[in-house]
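Protein chains in written order, with the UniProt record's numbering: chain Y, 1 to 238; chain Z, 1 to 475.
Backbone N, C-alpha and C define an ideal beta-carbon position, used for all residues, glycine too.
For clarity, every value in this text was computed on a predicted model and none was experimentally measured.
The structure appears below as structure tokens.
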Amino acid sequence: MKVTLFITCLVDLFHTNVGKATVELLERLGCEVEFPEAQTCCGQPAYNSGYVKEAKEAMKHMIRTFEHAEYVVAPSGSCATMFKEYPHIFKGDPEWEPKAKALAAKTYELTQFLVEVLKIEDVGAKLKGRATYHTSCHMTRLLGVKDAPFQLLKHVEGLEVMPLPNAHNCCGFGGTFSVKMGPISEQMVDEKIRHIEETEADYLIGADCGCLMNIGGRIERKGKPIQVMHIAEVLNSR
Amino acid sequence: MSMKIGTDPFHERVETGINNSFMRGAVAGAQERLRTRRLDAAAELGNWEEWRALGEEIRQHTLEHLDYYLMQLSENVAKRGGHVFFAQTAEEANQYIRDVVIKKNAKKIVKSKSMVTEEIHLNPVLEAAGCEVIETDLGEYILQIDDHDPPSHIVAPALHKNKEQIRDVFRKKLDYDKTEKPEELASHARKMLRNEYLTADIGITGCNFAIAESGSITLVTNEGNADLVTALPKTQITVMGMERIVPTFEEMEVLVSLLTRSAVGQKLTSYITVLTGPRDEGDVDGPEEFHLVIVDNGRSDILGTEFQSVLQCIRCAACVNVCPVYRHIGGHSYGSIYSGPIGAVLSPLLGGYDDYKELPYASTLCAACTEACPVKIPLHELLLKHRQVIVEREGKAPISEKLAMKAFGLGAASSLLYKFGSKVAPSALQPFTADQRITKGIGPLKAWTEIREFPAPNKERFRDWFREHKKGGEQ
């Protein structure tokens, strides 16, 4: 199966390891992975700040870039959600709405793709230790992917997954919110870390690099002994 | 604007909220209780998503035909001998109510809970007219005796106070010598209030839903105070926002069911009262005179705009009870009597962007509010629309942000620019980088690194690795 990778700008620039793990994992599961080099960013930073015109330019560029793809897979719930929002954003635009719809229909978040399309729950991963999983807001509430990460993590050999108290509460990232509303964001991420600590987890796992940068950056600043991992890295552990 | 509370700038209000550990403990506890109870009550009813869709349909239908239903309502109130007044502004509403009060030569007024009277700032007007005004909802009563502390939650106005603080207020203001046990506090307030109902000249209520087909008003409480407010005084004035209306009893039943479950996790509240006009001949209680004041105060300006769905709100506060931002800053930080997600959407619309321009940004767009709303208001999308309006129409965005976003638009729409930018980023940020981390950033990064570490951009971008990886595969 041919998979076209939407790697997301955060992974491209800051988290190369997550990208590598995504590629290796998909290839190990028999996918042929391609990466259109023209891709940039889904437009969310501008769109969520109210700059719709600027965001639409980025979106049109992404629509063109992925026009030929059969399956578009992203290691991020939030960025995949943004692709799914495109038809809503281009509603009424005779040229771009149909193209946006076509892109949205073939876009999958990584764990969703593994479970729904490849129909695989056991990817043969091994990781020893105790973990907890952060359910990111856009992925669960807007994309509606709630169970796939847990179905996959359940089969990781040696990994014990603890339920995260108050998992439904946002970690305080929210894109520009994290810098515009720093003091509020700080309270939110600190509460999230307190709940992570309650699970006594060695690993905090998530499927969105934005949330992980926020929680992970705060964990590092506070010097907590918790390792932050993207779910692609966990599923690629052998 | 009259709905405004306090004069401190937004960031100071937030700081005060964050530093108030009593409030935050009370809010977090209440959020968890109310969230769980709401989910249980929804599950108990079953088919919750279908109920929500029905609630949305009823509210949308009513708003689409609001002029028709308001006309029907006012005709039916008049038929039953009541008086109807349409107030375009807060001032007009207050003026009308003041005139009734003066005409009746009223000295004492009892009130049941009403957000719209908070919105129009009615109490000070009545007090200036020489009346004693007594709030009878327990939460509102606590706030009133505590030197008019403003409400911090649309359903539980005194949510920011814990029982010890309430005990202290009672001791200071009411000659109270018992403990902080809620039963003892409530019992004392009840005793104090009982005599007020009996001696009041006028009762003022809010309105959960007016029913167009019969000219009735529906009041939903757990304390029964609204029943006493409407049963004993000779004159009743009910104040409603112009959108708080349903066509018939059938729709009222659906919305009350959604309201009580969403607000407090109850199948029904202790009292759900439907009143139609003044007392009939032979009735043993009820007012001799009934006035319905229908308040616009900016609502009709929202009709027909991209924000119309905010008028679907039934004031259940389910969105407030799940909001992770409200959780840490509390209701007073919003600077408006409408707080939480619904307040962040509604306050700029009713009160203007000058006072409330920060509120649409005080959200991570996590969509917990949208998911909780029983009438499916897309709250997080409306917050986004506000941001768009602030940027495009109001021109209130900072210039640095505009430039950054312009650059973003150019960079993200051009793969060449993006590739170039991402390639030079590591060297550009080199002076701030140590051990693959940026600990002290500048510009927008500064706000990030005040709280957290920021990863330095990788020298090997993913795209560089992938190119090599593919080459390796081909060999």
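Scanning Y:Lys224, Y:Met139 and Y:Tyr133 for the CA closest to the CA of Y:Glu85 turns up Y:Met139.
Under DSSP, Z:Phe454 forms a beta bridge with Z:Ile438.
Excluding residues up to 5 positions away in sequence, Asp285 and Gly286 lie with their Cβ nearer than 7 Å to the Cβ of Z:Ala231 in the same chain. For Y:Leu143, the secondary structure class from DSSP, reduced to helix, strand or coil, is coil. In the DSSP assignment, Z:Gly29 falls within the unbroken alpha helix (DSSP H) covering Ser21 to Leu45. Under the three-state reduction of DSSP, Y:Lys106 is assigned to coil, being neither helix nor strand. The beta carbon of Y:Lys180 sits closer than 8 Å to some beta carbon of chain Z. With respect to Z:Pro374, Z:Ile314 sits close: the two C-beta atoms are nearer than 8 Å. Between the alpha carbons of Z:Leu70 and Z:Ser214 lies a distance of about 12 Å. Z:Glu56 has a beta carbon lying at 8 Å or more from every beta carbon in chain Y. Pairing Z:Pro360 with Z:Ile337 gives a Cβ-Cβ distance that is not under 8 Å.
Between the C-alpha atoms of Z:Glu250 and Z:Cys316 there is a straight-line separation of about 19 Å. Close partners of Z:Leu63 in chain Y (Cβ separation under 7 Å) are lacking, with about 21 Å as the shortest Cβ gap. Residue contact check for Z:Ser427 against chain Y: no CB pair falls below 8 Å.
Taking a Cβ-Cβ cut-off of 7 Å, Y:Val145 has no neighbours in chain Z, whose nearest Cβ is about 14 Å from it.
With a cutoff of 8 Å on beta-carbon distance, Y:Tyr71 and Y:Val117 are scored as near each other. Nearest in C-alpha terms to Z:Thr260, of all of Z:Ala28, Z:Arg279 and Z:Asp40, is Z:Asp40. Between the segment 265-278 of chain Z and the segment 30-45 of chain Z, the count of C-beta pairs closer than 8 Å reaches three or more; the two stretches touch. Check the Cα spacing between Z:Lys163 and each of Z:Val254, Z:Ala90 and Z:Val27: the tightest is with Z:Val27. Counting C-beta atoms within 10 angstroms of its own C-beta, Z:Lys470 has fewer than 16 neighbours from the protein chains shown and is therefore classed as exposed. For Y:Lys192, the uninterrupted alpha helix (DSSP H) segment begins and ends at Gly182 to Glu198. Straight through space, the alpha carbons of Z:Ile217 and Y:Val18 are spaced by roughly 59 Å. Closer than 8 Å to the CB of Z:Ala367 there is at least one CB belonging to chain Y. Between the segment 142-162 of chain Y and the segment 197-215 of chain Y there are three or more C-beta pairs closer than 8 Å, enough to call the two in contact. Rounded to the nearest angstrom, the Cβ distance from Z:His160 to Z:Gly331 is 6 Å, consistent with a contact under 8 Å. Three or more Cβ pairs closer than 8 Å define a contact, and the segment 211-230 of chain Y meets that threshold against the segment 167-181 of chain Y. Under DSSP, Z:His83 takes part in a beta bridge, and its partners are Z:His291. Exclusion of the five residues before and after Z:Ser262 leaves Arg38, Cys316, Ala318 and Pro374 as the residues of its chain whose Cβ lies within less than 7 Å of its Cβ. For the pair Z:Thr433 and Z:Trp448, the Cα-to-Cα distance works out to about 14 Å. With a threshold of 16 other beta carbon atoms within 10 Å, Z:Gln436 falls short and is exposed. With three or more CB-CB distances shorter than 8 Å, the segment 220-239 of chain Z counts as touching the segment 201-208 of chain Z. Put simply, the segment 11-22 of chain Z does not touch the segment 140-148 of chain Z. Fewer than three CB pairs are less than 8 Å apart. In the displayed model, Y:Val73 falls within a strand according to three-state DSSP.
Of all residues in the segment 371-385 of chain Z, only Glu371 and Leu384 place a beta-carbon less than 7 Å from a beta-carbon of chain Y. When 7 Å is used as the limit between beta carbons, Y:Gln187 is near these residues of chain Z: Ile18 and His328, in chain order.
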